[in-house]
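Data first, discussion second: the structure below is written as structure tokens.
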DNA sequence: GTCTATATTGAGATAGAC
DNA sequence: GTCTATCTCAATATAGAC
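Chains as they are written, first to last, in the working numbering: chain A, 1 to 200; chain B, 1 to 200.
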């Protein structure tokens, strides 16, 4: 007789709920998704969700908290890797893109809800994470500009905005079945490369 | 004694309601905004809104329909103006930007709700408008590529996406009090110009 | 763990007085 | 035109049986 060892069955169901919620939240919005829809997607009735989660908000947390934690981890490592600012900036953009592709739902939710659900005090941890990502980007860009490796006649924050707008926007139309990641990166640097990095 | 002549008072109040709804819908989302909030912003009670509008949805329509109608008009005129594809593309981008700046709320609502409220069959007119804008852009880009005036090694739809992602993204951070439009356009073409238009 | 049944709340909408 | 009062409905959440 083995001890329950934090029931893998329970954990599996928890994961199914998070996956279903992720799909629905991303597809139709958090507010527009009902707990009944989530339950139906999982194949149980609404009341059963409350055995696994305290409430709807904690389902959202269960999705977003691990996502941003891992994301921040990756960005920090990018900035710390040895290399010049130009390489670091490319790693950062690549990281943004990979995160979007590996966790399209969490990414879409984050972007879409920042001015909605996530304005609430409860989600300070998400807004803080977004702010830190901006600081990491801007620091790298600033270093690159100072070193003459990145175009100096556009402001660091402006360049950050352009890059983030591209990554964010891509999340809405990128279809992994129809588009290739390397093609996307290549396309971006074709259009942006000469403008961002001088003396190519 | 003059005939009522479609009461200007009534029309004024109607405009106030639309303005308040626009601010709130853009700021917090359509679903997240209650008719009570709109009424409070106007300075009346919720019930009074229903004298001016059938329901919440028709407030949203009153905001979006005139907006997209005027928008389409402007895009069509851009494409019809005499000039080469390169100039037309720049006019189109300028138009997108101007529309965003002149009607920031309607623009923000359109972008934010396309995957939410506007999925509903009722809003086909909005999705159709967005589709037509894409067709206009892609046609101009295609002409430019054929004429060797626009970079030919990126796909027309891809270039359209990049430009729209930039315009859309800008709506979320552009602050007319802190940023200048010409600066923005200059910044974009600095970063994009060489990548989009060959042989500069 | 999941179900059924139900309590509770919030929001859109209406009726009729003023 | 606007207010007060109220209806209705949908959605979150809970209690307790199984």
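Where a beta carbon is used, it is the ideal one built from N, C-alpha and C, also for glycine.
Taking 8 Å as the threshold, the shortest C-beta distance from residue 94 (chain A) to chain B does not fall below it. Per DSSP, reduced to three states, the secondary structure at residue 122 (chain B) is helical. Assigned with DSSP and collapsed to three states, residue 32 (chain A) falls in coil, not helix or strand.
Under a criterion of Cβ atoms nearer than 8 Å, no residue of chain B is adjacent to residue 61 (chain A); the nearest Cβ is some 19 Å distant.
The C-beta of residue 36 (chain A) has fewer than 16 other C-beta atoms within 10 Å across all chains shown, which makes the residue exposed. Around the beta carbon of residue 126 (chain A), 16 or more other beta carbons sit within 10 angstroms, so the residue counts as buried. In the three-state reduction of the DSSP assignment, residue 147 (chain A) falls in the coil class, being assigned neither a helical nor a strand state. Close to residue 68 (chain B), with beta-carbon spacing below 7 Å, lies no residue of chain A; the smallest spacing is near 19 Å.
Contacts with chain A at 8 Å (Cβ-Cβ) do not include residue 143 (chain B). Cβ neighbours of residue 109 (chain A) within its own chain (closer than 6 Å, five residues either side excluded): 25 and 26.
Excluding residues up to 5 positions away in sequence, 75, 76, 78, 79 and 92 lie with their Cβ nearer than 8 Å to the Cβ of residue 136 (chain B) in the same chain. A direct Cα-Cα distance of roughly 15 Å separates residue 131 (chain A) from residue 67 (chain A).
Cβ atoms of residue 166 (chain A) and residue 153 (chain B) stay farther apart than 8 Å, at about 18 Å. In the DSSP annotation of this structure, residue 43 (chain A) is not part of any alpha helix (DSSP H), being labelled neither H nor E. Taking 8 Å as the cut-off, the Cβ atoms of residue 20 (chain A) and residue 63 (chain A) do not count as close.
Spanning the alpha carbons of residue 187 (chain A) and residue 55 (chain B) requires a straight line of approximately 46 Å.
Taken atom to atom, the span from the alpha-carbon of residue 159 (chain B) to that of residue 163 (chain A) is near 15 Å. Residue-level contact by beta carbon holds for residue 187 (chain A) and chain B, with a gap shorter than 8 Å. Going by DSSP, residue 183 (chain A) is part of the alpha helix (DSSP H) stretching over 181-196. Look at residue 165 (chain A) here: in three-state DSSP terms it is helix. Taking a Cβ-Cβ threshold of 9 Å, the residues of chain A close to residue 192 (chain B) are 162, 191, 192 and 195, in chain order.
Contact check between the segment 98-115 of chain B and the segment 166-176 of chain B: three or more CB pairs, one atom from each, fall below 8 Å, which counts as touching. Linking residue 170 (chain A) to residue 168 (chain B) through their CA atoms gives a straight-line distance of about 11 Å. Between residue 32 (chain B) and chain A, the shortest Cβ-Cβ separation is below 8 Å. Residue contact with chain B for residue 140 (chain A): absent (no Cβ-Cβ distance below 8 Å to any residue of chain B).
In this structure, residue 23 (chain A) lies away from residue 29 (chain B), with their beta-carbon atoms at least 8 Å apart. Pairing residue 121 (chain A) with residue 89 (chain B), the inter-Cα distance amounts to about 42 Å. Annotation for residue 94 (chain B): the continuous alpha helix (DSSP H) segment containing it runs 85-102. At a beta-carbon threshold of 9 Å, none of the residues of chain A lie near residue 181 (chain B); the nearest stands roughly 13 Å away. The beta carbon of residue 168 (chain A) sits closer than 8 Å to some beta carbon of chain B. With three or more CB-CB distances shorter than 8 Å, the segment 35-52 of chain A counts as touching the segment 11-18 of chain A. In the three-state reduction of the DSSP assignment, residue 116 (chain B) falls in the coil class, being assigned neither a helical nor a strand state. For residue 7 (chain B), no alpha helix (DSSP H) run applies, since DSSP gives it neither H nor E. Counting only residues of its own chain and dropping the five nearest sequence neighbours on each side, residue 140 (chain B) has a CB closer than 7 Å to the CB of 79, 85, 88, 89 and 92. In the DSSP assignment, residue 69 (chain A) falls within the alpha helix (DSSP H) that extends over 56-80. Against chain B, the beta carbon of residue 158 (chain A) has neighbours under 8 Å at 187, listed in chain order.
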